[in-house]
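Peer 1: Just so you know, the sequence shown maps onto residues 209 to 450 in the numbering used here.
Quick reminder that beta carbons are idealized off the backbone N, C-alpha and C, glycines included.
What you are looking at is a predicted structure, and each value in this text was computed from that prediction instead of being measured.
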Amino acid sequence: MAALASSLIRQKREIRDPVASRPVSTQRKACPRGTKSLCQKQLLGLISKVRLCGGRKGRLEKAPEPQLKGIVTRLFCRHGYYLQAHPDGRIDGTREDANGFSLFNLIPVGLRVVAIQSTKSGQYIAMNAEGYLYTSAHFTAECRFKECVFENYYVMYSSTLYRQRESGRSWYLGINKDGQVMKGNRVKKTKAAAHFLPKLLEVALYREPSLHNLVEPALSKKAEEEDIAVPPIKEISKADAT
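1) Roughly how many angstroms separate the alpha carbons of Y340 and T368, rounded to a whole number?
2) Determine the extent of the beta strand (DSSP E) in which K202 is found, giving its start and end residues.
3) Give the straight-line distance between the Cα atoms of K407 and R282, rounded to the nearest whole angstrom.
4) Looking at the strands, I want to know which residues DSSP matches up with G301.
5) Leaving out five residues before and five after S310 in sequence, what residues of the same chain have Cβ atoms less than 7 Å from its Cβ?
6) Please state whether DSSP places N307 in a helix, a strand or coil.
7) Take S378 as the anchor and find which of H403, D386, N393 and K385 has the nearest alpha-carbon.
8) Which two residues bound the contiguous beta strand (DSSP E) that contains M335?
9) Roughly how many angstroms lie between the CA atoms of G318 and H403, to the nearest whole one?
10) Would you call K430 buried or exposed, if buried means 16 or more other Cβ atoms sit within 10 Å of its Cβ?
11) Is N313 helix, strand or coil when you go by DSSP?
12) Measure the Cβ-Cβ separation of L422 and A323 and say whether it is below 8 Å.
13) For the beta strand (DSSP E) that contains G278, what are its first and last residues?
14) If you reduce the DSSP assignment to three classes, tell me which class G392 lands in.
15) Is A412 helix, strand or coil when you go by DSSP?
This is the structure we're talking about:
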């Protein structure tokens, strides 16, 4: 009786709702060719965007090198000479204002500290432990000069590395009345030999020079008698420090 009752109930339901009584197929129907569902379209669009983004090779932007604003100048001494550096390394003064050897790059390398570089040879003006001026192919601690404005508005350049040990007096870049460069420990800041007037020719941007090793100099007996201050340690280049 129970089986007959359940059969009658099922027949009545099929009459009322024929769709609900159909067996559900477990097989997934394939989409007709030429038509794509919304999900498939969104998935394909997402994949194409990922491929597009992944296929682009980003350009590696190089970090801009630090640039220092300096000047191209002629250093005019109060004695009437322009400082000049010859290709063979000699340094002296000239009265010719159009001499190519008297052109220098004045590059700031610190607070009121400059490097004096010849525009012709690319060499730097330097002062050694005995006070003599020379030209250096590499930028070392001996190529650093402190720039100081005197009372008469002339500029003086003193070595940042050497000075008198006891008195602490600075050593200055100087040209005498004959147009010859002087030893730094013989130049006094109150004399005309130490007074320079930078004549601006143009403003330029420079790459910061790399500091190279400075071999500890051997002092002569004469230098030792003159009580020359020598740096306690040698300078280390930036390349070696890193």
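Peer 2: So, to answer that:
1) Within the model, the alpha-carbon separation for Y340 versus T368 is close to 14 Å.
2) Here the chain covers residues 209 to 450 and nothing more, so residue 202 does not appear.
3) Using only the alpha carbons, I get a separation of about 5 Å.
4) Note: G301 sits in a beta bridge opposite L291.
5) Excluding the 5 residues flanking it on each side, S310 has same chain C-beta neighbours closer than 7 Å at R282, Y290, L291, Q292 and T302, in chain order.
6) Here DSSP, grouped into helix, strand and coil, assigns N307 to coil.
7) Distances from the CA of S378 to each of H403, D386, N393 and K385 were compared; the closest alpha carbon is that of N393.
8) Unbroken beta strand (DSSP E) run through M335: Y332 to M335.
9) Near 21 Å, if we compare the C-alpha coordinates of H403 and G318.
10) Because the pLDDT of K430 is 47, which lies under 50, any placement of that residue in the model is unreliable, and the number read from its coordinates should be weighed accordingly. The residue is exposed, with fewer than 16 neighbouring Cβ atoms inside 10 Å.
11) N313: strand per DSSP, three-state reduction.
12) Cβ atoms of L422 and A323: not closer than 8 Å.
13) Per DSSP, G278 is one residue of the beta strand (DSSP E) stretching across Q275 to C285.
14) Secondary structure of G392 (DSSP, three-state): helix.
15) Three-state DSSP puts A412 in a strand.
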